[in-house]
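Residue 23 in UniProt numbering sits at position 23 of the sequence shown, and the numbers go up by one each step.
First the structure, in the form of structure tokens, and then the observations on it.
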Amino acid sequence: MLINDPERALRDAAAALETHLVALRRSIHAQPELAFQETRTAGIVADELARLGIPCRTGVGGTGVVGTIAGGRPGPVLAIRADMDALPIQEETGLSFASEVAGQMHACGHDIHTATLLGVAAVLKDLAPQLAGSVRLIFQPAEEILEGAAAMIADGAGEGIDLALGFHNAPDQPVGRFGFTRGAALAASDSFDVVIQGKSGHAAHPYAAVDPIVAAAAFVSQVQTVVSREVKPVHPAVVTIGQFAGGTTYNIIPERVHLKGTVRTLHAAARDTAEAAIRRLLGGIEHGMRVRVTIDYNRKVPPLVNDDRVLEPALAAVRKQFGDVVDGGDPSMGAEDFSQFAAIAPAFHLRVGAGQPGRDDRLHNAHYQPDERSIGLGVQALSRIALDLLA
């Protein structure tokens, strides 16, 4: 029946798995684990893959898990990736399965992603004889700190990949809808740490000190001109200072100030311009305000670029499975380290609608409640894409 009616067969398969997958999701949700600490979650994944008869490798890139489904005929290697880590947020949903770990929460829906990919694993394991090629199931740690993908790739998870699929729940789209962006979909993410060293002294005698707070404040003001006056207006960019730390009390000019910031860009030229401008502005601050400046500038992940060679057949597959439920969207200045996999193989990142009726949820929020129906719908969509790509 599957060959003649894949839409119905995949729908029935996902429905049969739904109760089990929701239970898995809730178990993972109740015990969230931060980046590179996902030992319990990885254990659940490994146990589920073993139950399905899917060979896997654990401890990949720290706490990652890689499973392999071999098809019945030769063909390409398709990687499908889900992230597993949680966030340092105190959950405030009041759900019966809310986080039992103080200060930690699956506020980005990676519990949804892990359960979804386990469902895809179950469906594709049964379809394996019909696949031309193989499916590599990548359960990744540490997406939230943008380090897990690189760690897994360094540990061999990316070797031999020909195509790659990623996905993310989307609370701004109602459950049952799917989204995509052509080309650069998510931004490159770079970070910088700055120490501005002055000379401490009494607040009543600033002439006898060198005030690093004033110098740091000047830099915070000047760095806003990077986007408005140096990056091309048609090249989106964001420069944000996320931490400004210095001083202990009212009447002491401190010795130093620490700043942390992030730069988000979609184009290589804008990325280069922003870094050069930040370094130059700090050099001017150092010279003009008698402070010493050190900067640690870290290029973390490149932009996530959707490749039409995967995007087009993937969208066609989703439409065949569900009908006209796919919406195009603008790029986001958020970042996603699936871009590391997209840098080594043609890739596509699918948005899976997870917005509950009557709610207005956002990612990384203490009250976030994605619609659990997105799990089964994601299983259908990703399984159908894999089936069509490896036909």
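Don't be surprised by glycine CBs; every beta carbon is placed ideally from N, CA and C.
Look up Met1 in the DSSP assignment and say whether it is helix, strand or coil. Legend: pLDDT at Met1 = 41, less than 50; position of this residue unreliable, value from coordinates given subsequently. In the structure shown, Met1 falls within a coil segment according to DSSP collapsed to helix, strand and coil.
Have a look at Ala82 and Thr39 and give me their C-alpha separation to the nearest angstrom. Cα atoms of Ala82 and Thr39: separation of roughly 15 angstroms, rounded to the nearest angstrom.
Look at the Cβ atom of His364, then the Cβ atom of Ile89, and state whether they are nearer than 8 angstroms. Yes; because the gap between Cβ atoms is below 8 angstroms, this pair is in contact.
Cβ neighbours of Val291 in the same chain (closer than 8 angstroms, five flanking residues each side left out): Within the same chain, Cβ atoms closer than 8 angstroms to the Cβ of Val291 are found at Ile196, Gln197, Gly198, Val210, Pro212, Ala215, Ile285, the five residues on either side in sequence being excluded.
For Ile145, which of helix, strand or coil comes out of DSSP? Three-state result, Ile145: coil.
Determine the contact status of Ala188 and Val305, defining contact as a CB-CB distance below 8 angstroms. The answer is no: Cβ separation not under 8 angstroms.
Segment limits, alpha helix (DSSP H) that includes Pro212: Segment 212-223, the alpha helix (DSSP H) holding Pro212.
Within 10 Å of its beta-carbon, does Ser228 have 16 or more other beta-carbons around it, so buried, or fewer, so exposed? That one is exposed.
Using a Cβ-Cβ cut-off of 8 angstroms (strictly less than) and excluding sequence neighbours within five positions of His235, which residues of its own chain qualify? Within the same chain, Thr265, Leu266, His267, Ala269, Ala270 come within 8 angstroms of His235 by CB-CB distance, once the 5 residues on both sides are set aside.
With 16 other CB atoms within 10 Å as the buried threshold, where does Tyr368 fall? Result: buried.
Among Met152, Asp12, Ala274, whose alpha-carbon lies nearest the alpha-carbon of Thr240? Distances from the alpha-carbon of Thr240 to those of Met152, Asp12, Ala274 put Ala274 closest.
For Gly75 and Ile54, which I take to be in contact (beta-carbon distance under 8 angstroms), what is that distance rounded to the nearest angstrom? Actually they are not in contact, since the Cβ atoms of Gly75 and Ile54 sit about 18 angstroms apart, beyond 8 angstroms.
From Gly61 to Val45, what distance separates their C-alpha atoms? Counting only the Cα atoms, Val45 lies some 15 angstroms from Gly61.
What is the DSSP secondary structure of Lys199, counted as helix, strand or coil? If DSSP states are grouped into helix, strand and coil, Lys199 belongs with the strands.
In the DSSP assignment, what residue or residues form a beta bridge with His349? Answer is Gly166.
Local conformation of Gln340 per DSSP, three classes: Of the three classes helix, strand and coil, the one that applies to Gln340 here is helix, per DSSP.
Taking Cβ positions, are Val77 and Ile138 nearer each other than 8 angstroms? The answer is no: Cβ separation not under 8 angstroms.
Use the C-beta contact count for Ala277: other C-beta atoms within 10 angstroms, 16 or more gives buried, fewer gives exposed. Taking all protein chains in view, the Cβ of Ala277 is crowded by 16 or more other Cβ atoms within 10 Å, so the residue is classified as buried.
Per the DSSP calculation, Tyr297 is bridged to which residue(s)? Phe192.
On the DSSP letters alone, give me the boundaries of the beta strand (DSSP E) that His235 sits inside. Counted as a single uninterrupted DSSP element, the stretch harbouring His235 is not any beta strand (DSSP E), since DSSP gives it neither H nor E.
Does DSSP put Thr114 in a helix, a strand or coil? It is helical.
Check Ile253 in the structure and name its three-state DSSP category. The three-state reading of DSSP puts Ile253 in strand, counting E and B together.
So, is Met1 buried or exposed, given that buried needs 16 or more other C-beta atoms within 10 angstroms? Unreliable positioning characterises Met1 in this predicted model, as indicated by a pLDDT of 41, which lies under 50. A coordinate reading is not provided.
Closest by CA to Ala15, which one among Phe338, Gly119, Gln340, Glu91? Nearest to Ala15 by alpha-carbon distance, out of Phe338, Gly119, Gln340, Glu91, is Gly119.
Taking the Cβ atom as the reference point for each residue, do Leu350 and Leu165 lie within a distance shorter than 8 angstroms? Less than 8 angstroms separates the beta-carbon of Leu350 from that of Leu165.
Just to confirm the assignment, what range does the beta strand (DSSP E) spanning Phe180 have? Per DSSP, Phe180 belongs to the beta strand (DSSP E) from 178-180.
With DSSP run on the structure shown, which of helix, strand or coil describes Arg384? In this structure, DSSP gives Arg384 a helical state, which the three-state scheme calls helix.
Under 8 angstroms between the Cβ atoms of Val238 and Met333? Going by C-beta atoms, Val238 is nearer than 8 angstroms to Met333.
Looking only at its own chain, which residues have a Cβ that is under 8 angstroms from the Cβ of Ala317, when we skip the five neighbours before and after it? Ala381, Arg384, Ile385, Leu387, Asp388, Leu389.
Roughly how many angstroms lie between the CA atoms of Ala30 and Asp47, to the nearest whole one? About 18 angstroms.
Is the CB-CB distance between Gln355 and Pro171 below 8 angstroms? This sequence places Gly at residue 355; Gln is not what is there. Yes, the Cβ-Cβ distance between Gly355 and Pro171 is below 8 angstroms.
Burial state of Leu95, where buried means 16 or more other Cβ atoms lie within 10 Å: Exposed is the call here.
Judging by CA-CA distance, which residue of Gly176, Leu52, Asn251, Val22 is the nearest neighbour of Leu127? Out of Gly176, Leu52, Asn251, Val22, Leu52 has the C-alpha closest to the C-alpha of Leu127.
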